[in-house]
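Encoded as structure tokens, the structure appears first; notes follow it.
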């Protein structure tokens with residue numbers, strides 16, 4: 471079946487612009503996660519949704535970052551007034567749920583959106 | 078705050094060797110630990126998940142162990158192949174609290190298996 475998809479795959483923008491990154495999770499997965507990965511580093515957690523609500527947004531670096539998941543499926547990560555330091559790969563993952571063992575808890579990752587802020 | 082460290086940062090081995098990747102974490106109150114593989118320009122693929130009550134998990138040539146009290150996990154790869162070349166990431170999920178779904182990752186070990 472289809473995995474997690476993310477669009478666009480690459481995004482180049484200018485400092486100060488607004489960007490939206492989209493994530494389509496695996497159908498039926500209730501949990502959705504956004505991570506950010508800088509070159510040579512492991513992914514860093516940004517936000518986690520359970521259904522439509524943000525259950526944990528403690529990783530969002532500041533109020534320029536915002537994410538929504540209005541119907542409990544597709545999610546959009548929004549970045550206002552982009553800065554050069556926002557340049558990274560933004561990864562989205564989904565899982566069936568958050569308990570119950572390997573099959574239910576495993577997070578499946580999309581290929582990421584590579585964001586470059588000039 | 079949980080911190081995850083992976084050693085070594087990079088490893089190069091000849092085909093056929095058995096190898097061990099190490100992961101350590103500072104807060105032992107974890108719910109589970111996962112090992113992922115990441116190929117260049119691609120997302121992460123989950124390899125093994127160990128619950129906090131378990132000691133090890135095996136999948137094919139991969140074996141992951143967990144010593145929660147000492148804050149350590151190892152990933153053992155038997156009879157390595159060039160196709161195993163990738164970055165291997167360790168990630169922990171905390172028990173309880175509001176960080177219910179959050180994974181904290183190490184920086185990864187870059188593995189190269191040469192023919």
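Chains as they are written, first to last, in the working numbering: chain L, 471 to 588; chain U, 78 to 192. Backbone N, C-alpha and C define an ideal beta-carbon position, used for all residues, glycine too. These figures come from a predicted structure and were not determined experimentally.
Nearest to residue 83 of chain U by alpha-carbon distance, out of U:111, U:92, U:95, U:94, is U:111.
Closest in C-alpha terms to residue 482 of chain L, from the list L:576, L:552, L:563, comes L:552. Around the beta carbon of residue 513 of chain L, 16 or more other beta carbons sit within 10 angstroms, so the residue counts as buried. In terms of Cβ geometry, residue 156 of chain U and residue 99 of chain U do not form a close pair [threshold 8 Å].
Straight through space, the alpha carbons of residue 584 of chain L and residue 163 of chain U are spaced by roughly 19 Å. Separation of the CB atoms of residue 165 of chain U and residue 114 of chain U is rounded to 6 Å, and the pair is thereby assigned contact status at 8 Å. DSSP, reduced to helix, strand and coil, places residue 160 of chain U within a helical segment of the structure shown. Under the 8 Å criterion on CB atoms, residue 131 of chain U is classed as non-interfacial with respect to chain L. In this structure, DSSP gives residue 494 of chain L an extended state, which the three-state scheme calls strand. The beta-bridge partner set that DSSP reports for residue 514 of chain L consists of L:506.
Between the alpha carbons of residue 101 of chain U and residue 493 of chain L lies a distance of about 31 Å. Taking the Cβ atoms as the reference, residue 189 of chain U lies roughly 12 Å from residue 86 of chain U, outside the contact range of under 8 Å. Proximity to residue 506 of chain L across L:474, L:559, L:497 peaks at L:559, based on C-alpha coordinates.
In chain order, 157, 158, 159, 190, 191, 192 place their CB closer than 8 Å to the CB of residue 92 of chain U, counting only its own chain and leaving out the 5 sequence neighbours on each side.
In the DSSP assignment, residue 523 of chain L is bridged to L:520. Put simply, of L:473, L:519, L:478 the residue whose alpha carbon is nearest the alpha carbon of residue 489 of chain L is L:478.
Excluding sequence positions up to five before and after residue 550 of chain L, its CB lies within less than 6 Å of the CB of 488, 534, all in the same chain and listed in chain order. Within 10 angstroms of the beta-carbon of residue 511 of chain L lie fewer than 16 other beta-carbons, which makes it exposed. As the crow flies, the alpha-carbon of residue 586 of chain L is around 10 Å from that of residue 485 of chain L. Rounded to the nearest angstrom, the gap between the Cα atoms of residue 519 of chain L and residue 118 of chain U is 25 Å.
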